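Same order as they appear, the protein sequences are chains P and B. With numbering that gives the first Met the number 0, the residue at position 317 of the first sequence is 316, and numbering never jumps. With numbering that gives the first Met the number 0, the residue at position 148 of the second sequence is 147, and numbering never jumps. Backbone N, C-alpha and C fix where the C-beta goes; we use that ideal spot for every residue, glycine too. Quick caveat: nothing in here was measured; it's all calculated off a predicted structure. Below you'll find the structure, written out as structure tokens, and then a few comments.
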Amino acid sequence: MTLLSRLGATLPQILWLLPLALLPLVVSSQRRTLVSAIAAAPADALSRTIGWALRLAGIVAIGGLILALSGPYRSGETITRTGIGAQISMLIDRSGSMNETFAGKQPSGAEESKAAASRRLLADFVGSRAHDQFAVTAFSTSPMLVVPMTDRHDAVRAAIAAIDRPGLDYTNVARGLGMALPQFGAGAAQVSRVVLLVSDGAAVIDPKIQGPLRAEFAKIHPNLYWLFLRTKGSPSIYDKPAGEDTPQAAPERHLDLFFKSLGVPYRAFEAEGPEQVAEAIRQIESLERDPIPYTEQRPRRDLTPWAYALAMAGLLVLVAGKLLEADLQGGSRAAAGRTAPDDAADERRLAA
Amino acid sequence: MKTGEIVYLPRWRPGGSRVGAHRSRDAGGLGTFRDQVSFLRLPDARRIDIRATLRDPFEGTYVRRFETRTAIEVWALVDLSASMRFEGEASRAELVADLCMGLADSATRIGDAFGLIGCDDRIREDVVLPATRQRGLATERAAGLTEVDFRGGSARGLVDAATRLAGRPKLIFVISDFRWPEPLIEEVFSGLALHDVVPVLLADRAEDENLPSFGLMEFDDLEGGGRRMVFMRPSLRRRWHARERARLDTLRRIASAYGRPPFRLEGRFDAEALSRHLMAT
């Protein structure tokens, strides 16, 4: 009876009038024709059916009107369903270098900055599957929470649309991750969780922060994807520096190593152009195919039109009944007008 | 309302000593010559038929007999059940009143007595008029039928009326629409079997021939039989007429077995038609 419990009325006291709907059982809308004996009418199933149909129509009409006056509605609710998708926390680099092209120049003409390319491609990614949930966090020197975890893709797209605004300063990955990770919240553990880090450079992660970050990763256990937008000529993730192999000398390589050491599923994608970015996003999309529970909001629904429609249906039947009505006097005139020969024969027979 | 005179002939030879208009079973000294009987059978020396006496080779003495004329009683048994309240082409109550006034008038005019018994579930004592020769009283009571309250659910009282009418044969008009169960018809007619019974069937064209052939009608039974929706259509109309004919055939069969077929009274009371019916059957 969950359906019944969700039904309500704006003016429930009007529903006290509902017993009036039984009136058609007592009173008829049709004109009464007094006859000396009802037994003269032959029993007829069709007539009986019509009689009951009219009575029912009367009940429906009165009941529907009372119901409509009381303003019925079905209250809103939140439904949890399961779809295919993932919770994706995007962590997007807003450092100044993101505004440059992949060639490391200021964009001019048809050229596209790294931020613009990732904006375009990520915007397509968002909403390609209906039940993905996204959080967007931007970071440069300090992290900025843009959109918390939500399934409102419009909001997410709007957030992504904003990431090609001129960036600021440096790349502080550690604090960005520190903000991106808690976005998952305390949800169901079996949901596939993804941290998507989009950056064009790396930074040293302070050993002091490494401990808490490891703990956080171990607790949330997300899949980590690093989309590294590599500027032409800059070192790759996998390049060993010629000199000393310290985080300061090769921050990309050491960030990669740090991620590998976290013990979570991790992949790095190195992209040197928009095509490679698109390819990387496609791969991520195909990797994350797990069931995800999602909630659906169903708004309160006004049922008054339905009640009026119900009453209308009943009234139409009643009007049809009224239009079909015949009476003895009118009938006698009509029959006199016709004076068909068989009628005359009938009369003679009856009169005999 | 002034109606024409209803002419009727009793089917039996009435007895009785009251002088009236009808040929009597009894023979007496006055009236139309009937036959000659032996003086020993009717020792009335004033009426000795000399010619017949002389003609008889056995020398018997003959006396002339003359038919006496006697009066009879005409009764109207009126069904006062609620179905008689029906008004189609004509008001059934007015038809009944017209008929009874005609009967009262015609009966008292020739010296017959007119009596009236109204019955619904039992005899309605307020609508009972013992047989009377007073024209004024008879017509007044007959006219009063328009004011009578038709309210009974059946006409069972007619069975009791039959016992009340025991005795000499009478001319009895049973006035009803005869919408009775068949056993009741049988019972009433058999109860009145000793009398000359004229069933007067009140019919209305609106109730049979002139029913509409198409349309929805909600019928309400005057006798409290409930309401019923009827979807009139040609096939149902035919069935209705067939039923109605079957009912009338049953009535005719029963009534004819006890005397006369029913007289159909509808639309307007026509004394001449009733007279013809009474003469012909």
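Check each candidate in B/Leu-94, B/Thr-60, B/Glu-146, B/Phe-230 and name the one with the smallest Cα separation from P/Asp-43. Distance from the Cα of P/Asp-43 is smallest, within the candidate group B/Leu-94, B/Thr-60, B/Glu-146, B/Phe-230, for B/Phe-230.
Here's the rule: buried if 16 or more other CB atoms are within 10 angstroms of the residue's CB, otherwise exposed. What is P/Ser-112? With 16 or more other Cβ atoms within 10 Å, it is buried.
Counting contacts by CB-CB distance shorter than 8 Å, is P/Ile-58 in contact with chain B? With 8 Å as the cut-off, P/Ile-58 does not count as an interface residue toward chain B.
Answer with yes or no whether the minimum CB distance from B/Met-228 to chain P is below 8 Å. When Cβ-Cβ separations below 8 Å define contact, B/Met-228 makes contact with chain P.
Residues of chain P with CB under 8 Å from B/Glu-222, in chain order? Chain P residues near B/Glu-222: Ser-35, Ala-36.
Cβ-heavy atom distance between P/Phe-257 and the ligand SAH below 7 Å? The ligand SAH is not among the ligands present in this structure, which contains no ligands whatsoever.
Simplified DSSP assignment, three categories, for B/Gly-114: Residue state, collapsed to three classes: strand.
Taking Cβ-Cβ distances below 7 Å as the criterion, which residues of the region 149-178 of chain B are in contact with chain P? Going along the region 149-178 of chain B in chain order, one finds Asp-176, Arg-178 with a Cβ nearer than 7 Å to chain P.
What whole-angstrom Cβ distance do P/Thr-149 and P/Asn-171 have, given they're in contact under 8 Å? Between P/Thr-149 and P/Asn-171, the beta carbon gap of about 25 Å keeps them out of contact (Cβ cut-off 8 Å).
CB-CB length for B/Ala-103 against B/Ala-130, believed under 8 Å: Here B/Ala-103 is actually not in contact with B/Ala-130; their C-beta atoms are around 11 Å apart, not less than 8 Å.
Inter-residue Cα distance where the pair is P/Arg-252 and P/Glu-76: Rounded to whole angstroms, P/Arg-252 to P/Glu-76 spans 50 Å at the Cα level.
Given a cut-off of 8 Å, decide if B/Asp-119 and B/Ser-80 are closer than it, judged by their beta-carbon atoms. Cβ distance < 8 Å, so B/Ser-80 and B/Asp-119 count as in contact.
What did DSSP end up calling P/Val-155 once you bin it into helix, strand or coil? Of the three classes helix, strand and coil, the one that applies to P/Val-155 here is helix, per DSSP.
Flag this pair as yes or no: are the beta carbons of P/Phe-284 and P/Phe-183 separated by less than 8 Å? For clarity, residue 284 of chain P is Glu in the given sequence; the question names Phe instead. No.
Could one say the Cβ of B/Trp-239 lies closer than 8 Å to chain P's Cβ atoms, at least one of them? Closer than 8 Å: yes.
Going by CA-CA distance only, name the one from P/Met-89, P/Lys-207, P/Ser-107, P/Ala-157 that's closest to P/Leu-196. Ranked by Cα distance from P/Leu-196, the options P/Met-89, P/Lys-207, P/Ser-107, P/Ala-157 are led by P/Met-89.
Just to make sure I have the definition right: I need the residues of chain P whose C-beta is within less than 9 Å of the C-beta of B/Ser-82. Which are they? Simply Val-34, Ser-35, Ala-36.
Got a sec: is the Cβ-Cβ distance from B/Arg-267 to anything in chain P below 8 Å? Not an interface residue.
With a Cβ-Cβ cutoff of 8 Å, do P/Glu-295 and P/Arg-80 count as a contact? By the CB criterion at 8 Å, P/Glu-295 and P/Arg-80 fall inside the cutoff.
With a 10 Å radius around its C-beta and 16 neighbouring C-beta atoms as the bar for buried, classify P/Val-25 as buried or exposed. Exposed, by the Cβ-count rule.
Note down, in chain order, every chain P residue with its Cβ under 9 Å from the Cβ of B/Leu-235. The answer, in chain order, is Ala-40, Pro-41, Asp-43, Leu-45, Ser-46.
Beta carbon proximity, B/Gly-27 to chain P, threshold 8 Å: By this cut-off, B/Gly-27 is not an interface position.
Give me the chain B residues within the contact set of P/Gly-313, using Cβ-Cβ distance strictly less than 7 Å, ordered along the chain. Per Cβ cutoff of 7 Å: no residues; P/Gly-313 is ~16 Å from chain B at best.
What runs of the beta strand (DSSP E), each 3 residues or longer, lie entirely inside the region 4-81 of chain P? Here the runs fully enclosed are 6-8, 31-34, 71-73.
Do we get a CB-CB distance below 8 Å when we pair P/Leu-317 with the residues of chain B? No, P/Leu-317 lies away from the interface with chain B (no Cβ there is under 8 Å from its Cβ).
Answer with yes or no whether the minimum CB distance from B/Phe-218 to chain P is below 8 Å. Yes, contact with chain P.
Using only CA atoms, which one of B/Gly-156, B/Pro-260, B/Gly-28, B/Arg-84 lies nearest to B/Asp-220? In terms of CA proximity to B/Asp-220, B/Arg-84 leads the group B/Gly-156, B/Pro-260, B/Gly-28, B/Arg-84.
Does the Cβ of B/Met-228 have 16 or more other Cβ atoms within 10 Å, making it buried, or fewer, making it exposed? By the 10 Å Cβ count, B/Met-228 comes out buried.
How big is the Cα-Cα spacing for P/Ala-116 and P/Asp-163? Taking the straight line from one Cα to the other gives about 9 Å.
Residues of chain P with CB under 8 Å from B/Gly-14, in chain order? Ordered by position in chain P, no residue passes the 8 Å Cβ test against B/Gly-14, which lies about 35 Å from the chain.
Using DSSP with H/G/I as helix, E/B as strand and the rest coil, what is B/His-21? Residue state, collapsed to three classes: strand.
In terms of residue numbering, what span does the beta strand (DSSP E) encompassing P/Pro-273 cover? Bounds of any beta strand (DSSP E) do not take in P/Pro-273; it lies within the alpha helix (DSSP H) bounded by 273-286.
Reference P/Gly-175; option with closest CA among P/Ile-65, P/Val-190, P/Arg-151, P/Val-203: Check the Cα spacing between P/Gly-175 and each of P/Ile-65, P/Val-190, P/Arg-151, P/Val-203: the tightest is with P/Val-203.
Determine which residues share a DSSP beta bridge with B/Gly-214 and list them. Beta-bridge partners of B/Gly-214 (DSSP): B/Met-231.
Given a cut-off of 8 Å, decide if P/Tyr-72 and P/Leu-309 are closer than it, judged by their beta-carbon atoms. Result no, Cβ atoms of P/Leu-309 and P/Tyr-72 do not sit closer than 8 Å.
Determine the DSSP secondary structure at B/Asp-119, reduced to helix, strand or coil. In the structure shown, B/Asp-119 falls within a coil segment according to DSSP collapsed to helix, strand and coil.
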